[in-house]
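2 protein chains.
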Amino acid sequence: MSQTFTLQSVLVLSEAGYQTQDVQVREGIIAAIGPNLSVIGEPIDGRGKLLLPGFVNAHTHSPEMWCRGLIPPLPLELWLGVLYQCPPLTPEQTYLAALWTAAETLLSGGTTLVDHLILTPGQELETIAAAAQAYQEIGIRACIAPLIQDHPMAVGLPTGQASGQLATTRQTQAVLELMETAVQRHHQPADGLYIAPGPTGFQLCSEALFEGCVELSQRYDLCLHTHLLETRAQQMLAYERYGVSGVEYLNRIGFLGSKTSLAHGVWLDDSDIDLLAMTGATIVHNPLSNLRLGSGIAPLLKYRQAGVNVTFGCDGSASNDGQDLLEAIKLGTMLHNPTDFEYRNWLSLPTAASMASLGGAKGLGLQEEIGSLTVGKQADLVLYDLSDWSMLPASDPLGLLLLGRPVNLIDRLWVGGRPILQDRQLKTVELANLRQRLLQGRSEWVTAPPALNQALEEQYRAVMGLGAGAKASAGKN
Amino acid sequence: MSQTFTLQSVLVLSEAGYQTQDVQVREGIIAAIGPNLSVIGEPIDGRGKLLLPGFVNAHTHSPEMWCRGLIPPLPLELWLGVLYQCPPLTPEQTYLAALWTAAETLLSGGTTLVDHLILTPGQELETIAAAAQAYQEIGIRACIAPLIQDHPMAVGLPTGQASGQLATTRQTQAVLELMETAVQRHHQPADGLYIAPGPTGFQLCSEALFEGCVELSQRYDLCLHTHLLETRAQQMLAYERYGVSGVEYLNRIGFLGSKTSLAHGVWLDDSDIDLLAMTGATIVHNPLSNLRLGSGIAPLLKYRQAGVNVTFGCDGSASNDGQDLLEAIKLGTMLHNPTDFEYRNWLSLPTAASMASLGGAKGLGLQEEIGSLTVGKQADLVLYDLSDWSMLPASDPLGLLLLGRPVNLIDRLWVGGRPILQDRQLKTVELANLRQRLLQGRSEWVTAPPALNQALEEQYRAVMGLGAGAKASAGKN
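For the protein sequence lines, the chains are A and B, in the order given.
What the first sequence shows, in numbering that gives the first Met the number 0, is residues 0 to 476, in sequence order.
What the second sequence shows, in numbering that gives the first Met the number 0, is residues 0 to 476, in sequence order.
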């Protein structure tokens with residue numbers, strides 16, 4: 000059986016650093032870890048290789064792959080104004096983008112991803128079905144969090160007045176019914192496919208929508224996923240609309256819990272962080288996106304000290320612009336060092352690796368099933384070739400993997416014991432073929448971004464207290 | 000003649016964005032740029048490819064390649080304490096590290112590097128000769144700035160007293176004589192090899208050493224290179240020792256000029272920045288190293304606004320841990336967005352590309368010879384394959400190149416018209432062979448870093464006002 004195998008003499012992490020062990024996998028489950036185990040199934044030579052639990056790409060938006068490299072550096076609110084003018088994808092384009100996102104995640108050590116999936120209007124269920132199909136085909140463990148909202152975009156910016164065109168009960172109900180249908184059709188934990196209600200964020204969602212998502216999550220035992228306080232403007236909006244911080248608001252309406260993961264969390268103060276720690280919710284840190292959009296530097300070391308579970312994500316490729324999970328982990332490991340002279344608070348490399356694997360599993364409520372090299376857990380495993388050029392001079396494996404620039408060094412990768420990568424090649428999807436389909440499947444707009452909306456820019460500049468200033472400075476070199 | 004060729008229908012940057020042009024190169028010099036040029040020499044199909052001037056890896060320490068991945072996250076002063084316990088390299092190891100550094104720089108779009116070269120004690124000239132040989136063989140344009148100092152390491156930390164064991168005149172003179180010998184033997188601009196006096200930084204160098212370097216640079220028309228205010232401790236030290244800022248001190252002794260490049264420049268205040276702008280000196284920004292060592296975030300946008308020339312470097316691989324120049328440019332382009340809500344001040348991508356090429360050339364006083372696609376300049380050129388997997392979906396080429404995760408997408412690369420890369424392979428050095436030599440040439444210490452010096456740590460903690468606190472917290476997860 001291909002899902003039964005024995006890794007021999009492979010390097011694994013230990014309390015003291017590293018040790019060489021054998022690892023038995025029986026029918027997709029880690030059956031034993033120790034020296035000189037008997038061989039069950041296929042024997043696999045692990046010498047010169049490092050075995051880690053798979054990482055989790057805990058926040059992305061797969062459809063944005065089509066926008067990679069497209070939008071110039073702009074703050075989130077203006078960037079969104081461009082993004083939402085890009086024509087919606089066909090289900091085929093969604094399917095390809097999901098394969099593509101999964102492929103890059105797998106090739107950089109990710110065995111699970113959370114797709115906060117942008118839905119094509121009028122084809123919402125087809126969009127979800129297309130992504131689900133892609134993830135099942137390529138074999139990555141995937142949580143699809145359909146991105147839902149019931150307020151129009153214009154409500155998402157602070158305006159100085161608490162009102163706005165809010166959703167009708169009927170609209171909210173329709174969105175929740177859609178979500179329930181998606182759950183009934185695609186939530187298949189036994190197949191490594193999960194649906195999580197994914198309200199965009201409080202800036203674009205009604206209280207009724209959040210409450211409906213919480214109700215769904217209780218009824219079907221689902222995770223919850225949303226954006227949280229990515230920008231200063233969102234922080235301002237929360238106080239304007241609710242009179243309290245965004246964290247306090249979400250907590251008050253019952254959205255925060257141990258199966259809730261929150262993307263970004265850049266603009267939280269100390270009391271927000273304490274509150275978050277109490278709820279058991281997970282912060283998904285997206286350092287590349289936070290820099291590209293100028294959102295800020297999340298207070299990661301404070302999160303850790305307060306006991307908040309933190310993991311890493313790539314975010315969508317319109318704000319990154321790639322799905323190399325090792326790159327996100329590298330930056331997430333280092334970015335916070337300058338925020339604290341007390342270097343003893345800095346993330347150690349074993350801590351960062353654990354945040355990327357077990358931290359991601361916790362955010363999905365899967366910490367008993369995946370996220371560590373533990374007997375009884377699913378074999379979501381990655382075997383890194385330490386003799387690769389990018390790992391020279393073969394010094395500290397974790398130092399080279401997490402702080403270096405590793406490229407295509409994964410010898411093998413399994414999800415639930417199913418072999419997905421072997422000899423550095425994807426086994427489930429042929430990349431050369433995918434590349435052809437991507438080139439054929441792209442629309443013309445991918446080479447020319449829509450223009451920045453001038454009215455939106457004026458509103459944003461007013462909100463942020465930026466001078467009305469002539470546009471002249473915009474193109475300044 | 001291999002150094003005469005014509006690129007046909009290649010994408011180049013223009014004021015308006017991009018345009019398709021032909022480019023003639025005659026005997027290593029860009030001879031013409033325009034539509035439908037006649038073919039001279041070899042015709043090269045440029046369709047689907049982007050041609051940029053080569054970037055400059057404007058600050059690195061090649062010997063640190065042997066320490067890649069080795070040292071855990073620590074602040075500069077403690078990290079140095081570990082680094083300087085690593086055994087010195089043999090000339091053969093220095094040669095290999097230089098080849099390796101050059102190879103990674105070339106493979107990520109760099110055609111020039113500045114090697115602030117750590118010298119093996121007692122074999123200083125052999126070290127320089129070994130690096131020079133490597134750069135000439137592989138064909139990269141290289142400025143070797145031998146790292147010199149005449150104070151012992153212990154003087155480099157603030158102590159609360161302005162004195163310390165300073166260098167004797169004899170020691171200083173010996174270092175300067177060594178530098179002059181290196182200049183006489185290896186400064187060969189016509190061959191793309193330059194020597195620049197490279198005092199470590201004011202923290203470890205006497206005034207006489209700086210003045211001697213300035214005198215050498217005037218006599219031989221050399222650039223100058225040094226570290227500047229990388230950490231808060233260095234900022235404190237300058238005031239303690241000189242009573243003025245580090246910038247004011249270096250300016251007063253005549254070290255700052257239009258051929259001086261300064262690595263890091265993290266801890267400068269507004270008046271330092273104005274002073275720097277007046278001198279015409281160049282800041283080399285090393286964002287990866289600044290984060291890994293927790294040094295801080297250099298005020299890059301302020302530099303730009305003040306008119307300071309800025310370019311990018313990888314820094315040595317013990318503090319990065321790689322020599323992927325595109326990675327350094329990416330982070331250097333984005334890292335500063337969160338420091339200014341006025342997004343119109345953010346670096347545009349064409350600006351970042353120009354900083355990485357022309358900015359680097361200026362820092363070496365070579366702006367009339369390299370750094371842009373200009374008739375009459377040397378053909379230091381890089382041809383990027385836009386159909387590469389990492390450049391999909393072939394949207395904005397500069398967006399994908401500078402903000403994406405491009406890997407091994409260089410179709411061809413020339414230095415002074417000499418073909419160095421072709422069909423994504425180095426032509427001058429065989430990488431597989433180099434890999435074998437690196438594996439054979441490594442010492443045992445590359446797998447186990449020396450321990451952190453406890454006395455140094457205590458001194459550092461006192462200087463930085465960090466609690467004496469038990470070591471217990473150091474390994475805390």
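By construction, the Cβ of each residue, glycine as well, lies at the ideal position given by its N, Cα and C atoms.
Owing to the predicted nature of the structure, the values given are computational and were not obtained by experimental measurement.
Among the options, which one has its Cα closest to the Cα of residue i?
i, options, result
"residue 193 of chain B", "B:135, B:122, B:433 and B:203", "B:135"
"residue 269 of chain B", "B:292, B:251 and B:304", "B:304"
"residue 35 of chain B", "B:20, B:44, B:41 and B:89", "B:20"
"residue 329 of chain A", "A:347, A:341, A:181 and A:190", "A:347"
"residue 97 of chain A", "A:394, A:127 and A:222", "A:127"
"residue 44 of chain A", "A:418, A:7, A:38 and A:23", "A:7"
"residue 408 of chain B", "B:414, B:398 and B:388", "B:388"
"residue 52 of chain A", "A:64, A:377 and A:327", "A:377"
"residue 2 of chain B", "B:12, B:11, B:41 and B:33", "B:41"
"residue 296 of chain B", "B:314, B:306, B:142 and B:265", "B:265"
"residue 79 of chain B", "B:449, B:345 and B:103", "B:449"
"residue 254 of chain B", "B:196, B:314, B:102 and B:30", "B:196"
"residue 483 of chain B", "B:122, B:84, B:89 and B:133", "The question about residue 483 of chain B has no answer, for chain B in this structure spans 0 to 476."
"residue 344 of chain A", "B:144, B:285 and B:72", "B:72"
"residue 259 of chain A", "A:206, A:463 and A:198", "A:198"
"residue 64 of chain B", "A:466, A:82, A:419 and A:393", "A:393"
Please report how far the alpha carbon of residue i lies from the alpha carbon of residue j, in whole angstroms.
i, j, result
"residue 436 of chain B", "residue 86 of chain B", "19 Å"
"residue 161 of chain B", "residue 316 of chain A", "Low local confidence applies: a pLDDT of 48 at residue 161 of chain B is under 50, so the model's placement there is unreliable, with the coordinate-based value given in what follows. About 52 Å."
"residue 426 of chain A", "residue 116 of chain B", "45 Å"
"residue 14 of chain A", "residue 454 of chain A", "57 Å"
"residue 336 of chain B", "residue 290 of chain A", "6 Å"
"residue 59 of chain A", "residue 365 of chain A", "18 Å"
"residue 139 of chain A", "residue 262 of chain A", "21 Å"
"residue 434 of chain B", "residue 421 of chain B", "19 Å"
"residue 77 of chain B", "residue 397 of chain A", "20 Å"
"residue 225 of chain B", "residue 174 of chain B", "15 Å"
"residue 235 of chain B", "residue 457 of chain B", "17 Å"
"residue 213 of chain B", "residue 447 of chain B", "39 Å"
"residue 287 of chain B", "residue 327 of chain B", "6 Å"
"residue 252 of chain B", "residue 237 of chain B", "14 Å"
"residue 137 of chain B", "residue 390 of chain A", "21 Å"
"residue 62 of chain B", "residue 273 of chain A", "45 Å"
"residue 109 of chain B", "residue 56 of chain B", "6 Å"
"residue 228 of chain B", "residue 267 of chain B", "7 Å"
"residue 351 of chain A", "residue 191 of chain B", "42 Å"
"residue 218 of chain B", "residue 302 of chain B", "30 Å"
"residue 172 of chain B", "residue 157 of chain B", "26 Å"
"residue 314 of chain B", "residue 131 of chain A", "43 Å"
Just checking: is the beta-carbon of residue i within a distance shorter than 8 Å of some beta-carbon in chain E?
i, result
"residue 266 of chain B", "Here the protein chains are A and B, and chain E is not one of them."
With a cut-off of 8 Å on the beta carbons, I'd call residue i and residue j a contact; round off their distance for me.
i, j, result
"residue 54 of chain A", "residue 355 of chain A", "4 Å"
"residue 308 of chain A", "residue 362 of chain A", "7 Å"
"residue 74 of chain A", "residue 310 of chain A", "Not quite, the Cβ-Cβ distance comes to about 25 Å (not below 8 Å), so this is no contact."
"residue 95 of chain A", "residue 440 of chain A", "5 Å"
"residue 111 of chain B", "residue 359 of chain B", "6 Å"
"residue 410 of chain B", "residue 382 of chain B", "5 Å"
"residue 22 of chain A", "residue 49 of chain A", "That belief does not hold up - the Cβ atoms of residue 22 of chain A and residue 49 of chain A are roughly 12 Å apart, past 8 Å."
"residue 385 of chain A", "residue 16 of chain A", "Incorrect: roughly 14 Å between the Cβ atoms, too far for contact."
Using the DSSP secondary-structure output, state which residues sit across from residue i in a beta bridge.
i, result
"residue 453 of chain A", "Answer is none; residue 453 of chain A lacks a bridge partner."
"residue 41 of chain B", "B:4"
"residue 48 of chain A", "A:384"
"residue 418 of chain B", "B:413"
"residue 144 of chain A", "A:115"
"residue 263 of chain B", "B:227"
"residue 197 of chain B", "B:146"
"residue 282 of chain B", "B:261 and B:309"
> With a cut-off of 8 Å, do at least 3 Cβ pairs link the stretch 401 to 415 of chain A to the stretch 313 to 331 of chain B?
Replying inline: yes
>> Using a Cβ distance threshold of 8 Å, determine whether the stretch 273 to 292 of chain A contacts the stretch 243 to 259 of chain A, with at least three qualifying pairs required.
In response: yes
> So does the stretch 202 to 209 of chain B actually touch the stretch 147 to 159 of chain B, counting three or more Cβ pairs closer than 8 Å?
Replying inline: yes
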